[in-house]
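J.:
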Amino acid sequence: MIEVTILDYSMKILAKNEFDAEYPGDSIAATKAFAAFMGRFGQATNTLSFSFSLLGTSFIIRRLGLNYTIIAFPTCCFAAICGVYMVPNLWTVFCAMLLLKGFSYSLNNPCKEILYQVTSKGTKFKAKSWIDVFGARGSKAAGSIVTNAFSDSATDLLTYGAYVAMGVSSFLIYVAWQMGKMFDEYIATGYIVGEEAPSAEELAKQAQLEGDTSLGIEEEGQTEDEQQVKV
């Protein structure tokens with residue numbers, strides 16, 4: 002995702018600059034401090050993801066419904082980007098990345114999987130393949146273009162990168178709202194995306210089968226002649 006890629010690179014740049022300033026002339030100590038920082042970030046992210054998946058995901062989806070729950074993650078992205086823009090320091094970016102990474106695994110991904118309930122198996126296979134191969138890699142590539150354009154200055158990266166991330170998050174909020182609305186509509190009508198509609202001949206055969214429930218079995222009290230006339 003574009004905004005996560007931008008924030009992730011920003012956090013690493015800020016952390017490297019801070020530890021280089023904290024340990025001037027000692028690259029080994031700065032590298033160890035950076036590695037410890039990234040280790041703490043990974044532990045915090047996994048702990049949040051596990052805890053929320055265990056205790057909060059199903060509760061939120063049941064309580065709010067998919068239509069509102071699916072909007073929660075892009076809204077969280079937008080709020081986190083605004084926080085980073087207003088307070089551009091390492092620990093603000095750390096907290097923003099912690100929330101985005103944690104909720105991406107524990108809230109956003111389950112909501113995406115639920116959306117496949119209204120798709121056929123073939124459509125689900127094609128959609129997941131495209132999202133995993135082209136969508137995910139393409140969004141990371143787009144985020145990398147932004148980070149590369151402003152890689153010379155952490156201040157410019159946090160400022161102009163935030164503008165890009167806010168725009169992407171706003172667009173995702175709209176898309177998520179539309180997807181939730183369509184999901185509720187398809188659930189209510191029983192429509193399955195990618196499922197072929199039955200032909201006129203198939204509908205006629207089905208109607209004929211539903212109309213003829215005797216299956217040629219002689220009903221009780223009927224003579225053979227009456228049965229033949231009925232058939």
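Under this note's numbering, the residue at position 83 of the sequence shown is numbered 84, and the numbers go up by one with no gaps.
Even for Gly, the Cβ is constructed at its ideal location relative to N, Cα and C.
These numbers come from a predicted model, not from an experiment.
Considering only C-alpha positions, which residue in the set C78, V176, M87 is nearest to G103?
T.: Of the listed residues, the one whose Cα sits closest to G103 is C78.
J.: Using only alpha-carbon positions, find the residue among F42, G57, L108 that is nearest to A73.
T.: Residue L108 is the option with its Cα nearest to A73.
J.: So what's V194 in DSSP terms, helix, strand or just coil?
T.: Reduced to three states, the DSSP call for V194 is strand.
J.: Quick one: using the 10 Å Cβ neighbour count with 16 as the cut-off for buried, is E186 buried or exposed?
T.: Looking at its Cβ environment, which holds fewer than 16 other Cβ atoms inside 10 Å, E186 is exposed.
J.: Since I believe L99 is in contact with L158 (beta carbons under 8 Å), could you give me their beta-carbon distance rounded to a whole number of angstroms?
T.: The Cβ separation is near 19 Å, so there is no contact.
J.: Here's a check: name, in chain order, each residue in its chain whose Cβ is nearer than 7 Å to the Cβ of Y161, leaving out the five neighbours to either side.
T.: Hits under 7 Å: F151.
J.: For T120, which residues from the same chain have a beta carbon less than 8 Å from its beta carbon, with the 5 sequence-adjacent residues on both sides left out?
T.: Result list for T120: A128, I193, V194, G195, in chain order.
J.: Assign P25 to buried or exposed, taking buried as 16 or more other Cβ atoms, counted over all protein chains shown, within 10 Å of its Cβ.
T.: Looking at its Cβ environment, which holds fewer than 16 other Cβ atoms inside 10 Å, P25 is exposed.
J.: In angstroms, rounded to a whole number, what distance separates the CA positions of T124 and V176?
T.: Answer to the nearest angstrom: the Cα atoms are 19 Å apart.
J.: Comparing alpha-carbon positions, which option in Y164, A189, F35 lies nearest L8?
T.: For the residues Y164, A189, F35, the minimum Cα distance to L8 belongs to Y164.
J.: Do S145 and T6 have their CB atoms nearer than 8 Å?
T.: A contact, by the Cβ cut-off of 8 Å.
J.: Between the region 127 to 141 and the region 87 to 96, do at least 3 Cβ pairs fall closer than 8 Å?
T.: Result no; under three Cβ-Cβ pairs closer than 8 Å.
J.: Roughly how far, in whole angstroms, is the beta-carbon of I174 from the beta-carbon of C112, given that I think they are within contact range, below 8 Å?
T.: Incorrect: roughly 13 Å between the Cβ atoms, too far for contact.
J.: Smallest Cα separation from T76: which of L55, S154, E4?
T.: Of L55, S154, E4, the residue nearest in Cα terms is E4.
J.: Tell me where the alpha helix (DSSP H) around N109 begins and ends.
T.: Per DSSP, N109 belongs to no alpha helix (DSSP H) and is neither H nor E.
J.: If you drop the 5 nearest sequence neighbours on each side, which residues of the same chain put their C-beta closer than 6 Å to that of A166?
T.: Result list for A166: E4, I7, I82, in chain order.
J.: Quick check on the DSSP output: the alpha helix (DSSP H) that includes Q44 runs from which residue to which?
T.: Looking at the DSSP string, the run of the alpha helix (DSSP H) that includes Q44 is 28 to 56.
J.: Under the rule that 16 or more other beta-carbon atoms within 10 Å means buried, what is T58, buried or exposed?
T.: T58 is buried by the Cβ-count criterion.
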